[in-house]
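Residue numbers (the working numbering): 44 to 523. Here a beta-carbon is modelled for each residue, glycine too, at the ideal position from N, C-alpha and C. Okay, so here's the structure we're looking at.
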């Protein structure tokens, strides 16, 4: 406990120091961050930001506040469905009786199990405590444990409890679960010890990121190679880490992270000041800085540096940024039309956009309020509640989902070749490829039109949803 308090105090003090020009000193010195090259414009922007904050109030209180993380009440129910690969769905907690009387079921395909309709998790304290196992690294007892949030990643799952503790399970082939020198996969949840409560987890296919309520970012897993590109963990090297490691450069720069997304070999971060940072492999322009060179540290995406970005999303090898004005920019790989740039650009295996490009077409003149990125497709919700989708070799520019015009969509999530849409009444709709059961429609067939997921009981409304590559989770509250 003392070590954690000291570490937290040091990080806070470091950020306070940064408000008095530490970032500007980085432009002329490499003593803190041993980089081979630092963009002068990057240093200028950040130095101006830090000096402005210090000018407002020459006091320690002028340091930026931690991220305003989403706070949710304890869910009434949690539902999961899709394909459980290497234990990504906690099958021992599933309750058939918690779902509606749909005709779907659970069946096996080799070593995988497919659940093709929503099934609730048994969140009774006894069942949850038994599933989580002993937590000897924390003074809290699991007797009071309540599940707060659940994050579905590419090949793993993370559960965050009401006290901020995080448990992970699924594939760990590259150390992406952050559980130390452990097995290549685990169906048993493992506690990830971090000094502060966890607010967000992004589990990528090769590496992962943990964002705490204090705005600190920790990464672990595959660090890269000369072939695949390097720097995705943001630690200034190509080392792999089996346990979460603090991204020190953000602390040194006085930055607080508010969101993070992990792609194949690159990472995209949003700061509390609305700045977008990227690192990792630069192939296919996925860093958004025109170059295809790798970045070992998180650096600003210069083209949208002053755009006041409010949301980011990343797929396998592309990213989206939504600014305060409701405009979406996209960059990276475009082999399946996932950038929404239309047919004017060749869409083939080498298609890409190395600079953030505004998505126009039917989105032009509309204000976007939410964006989501799947493996190779994306979606957006407008201020009037319309849903647009594109990518997957089907639509190369935003397509309006006309069948949902009878309701107002407020949120969207994308996985691998499927989309989930949430309306203002808390009803969930799905569309896309259903082979892995992710549509939750008691079927594995594909649908090109959004269909209501009827497996959620009528007396409940969906509050949050998380779309992994092949598995889904959502939390509900009682309908008013």
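Burial state of residue 393 is exposed, judged by a 10 Å Cβ sphere holding fewer than 16 other Cβ atoms.
For residue 494, the three-state secondary structure derived from DSSP is strand.
The continuous stretches of alpha helix (DSSP H) do not include residue 474, which lies in the beta strand (DSSP E) extending over residues 471-475. For residue 302, the enclosing beta strand (DSSP E) has its first and last residue at 300-305. Note on geometry: alpha-carbon atoms of residue 271 and residue 308 lie some 7 Å from one another. For the pair residue 247 and residue 397, the Cα-to-Cα distance works out to about 22 Å. Rounded to whole angstroms, residue 518 and residue 321 show a C-alpha spacing of 30 Å. Within the DSSP secondary-structure output, residue 131 pairs in no beta bridge. Shortest Cα-Cα distance from residue 422 to any of 399, 395, 408, 453 involves 453. It is roughly 10 Å from the alpha-carbon of residue 242 to the alpha-carbon of residue 206. Contact between the stretch 409-424 and the stretch 456-471 is present: 3 or more CB-CB pairs across the two stretches fall below 8 Å. Beyond the five residues adjoining it in sequence on each side, residue 123 comes within less than 6 Å, by CB distance, of 132, 516 in the same chain, given in chain order. DSSP, reduced to helix, strand and coil, places residue 499 outside both helices and strands of the structure shown, so it counts as coil.
Look at residue 285 here: in three-state DSSP terms it is strand.
Within the stretch 356-390, the complete beta strand (DSSP E) runs of at least 3 residues fall at 361-366, 371-376. Contact annotation: residue 290 and residue 277 have beta-carbon atoms nearer than 8 Å. Each residue's CA atom was taken as its position, placing residue 209 and residue 219 some 14 Å apart.
Spanning the alpha carbons of residue 400 and residue 151 requires a straight line of approximately 43 Å. Annotation: the continuous alpha helix (DSSP H) that includes residue 291 extends over 291-295. Beta-bridge pairing by DSSP links residue 167 to no other residue. Shown here, residue 310 sits in a strand according to DSSP, grouped into three states. Assignment of beta-bridge partners to residue 512 by DSSP yields no partner.
Taken atom to atom, the span from the alpha-carbon of residue 469 to that of residue 504 is near 4 Å. Only buried fits residue 267, as 16 or more other CB atoms lie within 10 angstroms of its CB.
Residue range 395-401 is occupied by the beta strand (DSSP E) that includes residue 401.
Distance from the CA of residue 125 to the CA of residue 365, rounded to the nearest whole angstrom, comes to 29 Å. Per DSSP, reduced to three states, the secondary structure at residue 225 is coil, with no helix or strand assignment. Close CB contacts of residue 170 within its chain, under the 7 Å cut and outside five residues either way in sequence, are with 136 (chain order). Considering only 216, 263, 482, the residue with the shortest C-alpha distance to residue 228 is 216. The Cβ neighbour count for residue 336, taken over all protein chains shown within 10 Å, is under 16; the residue is labelled exposed. Beyond the five residues adjoining it in sequence on each side, residue 281 comes within less than 6 Å, by CB distance, of 266, 267, 273 in the same chain, given in chain order. For residue 346, the secondary structure class from DSSP, reduced to helix, strand or coil, is helix. Around residue 477, the same chain offers 159, 461, 484, 486, 487, 488, 489, 490 as residues with beta carbons nearer than 8 Å, after the five sequence neighbours per side are excluded. With a 10 Å radius around the Cβ and a threshold of 16 neighbouring Cβ atoms, residue 167 comes out exposed. Burial check for residue 231: the Cβ neighbour count within 10 Å stays below 16, so the residue is exposed.
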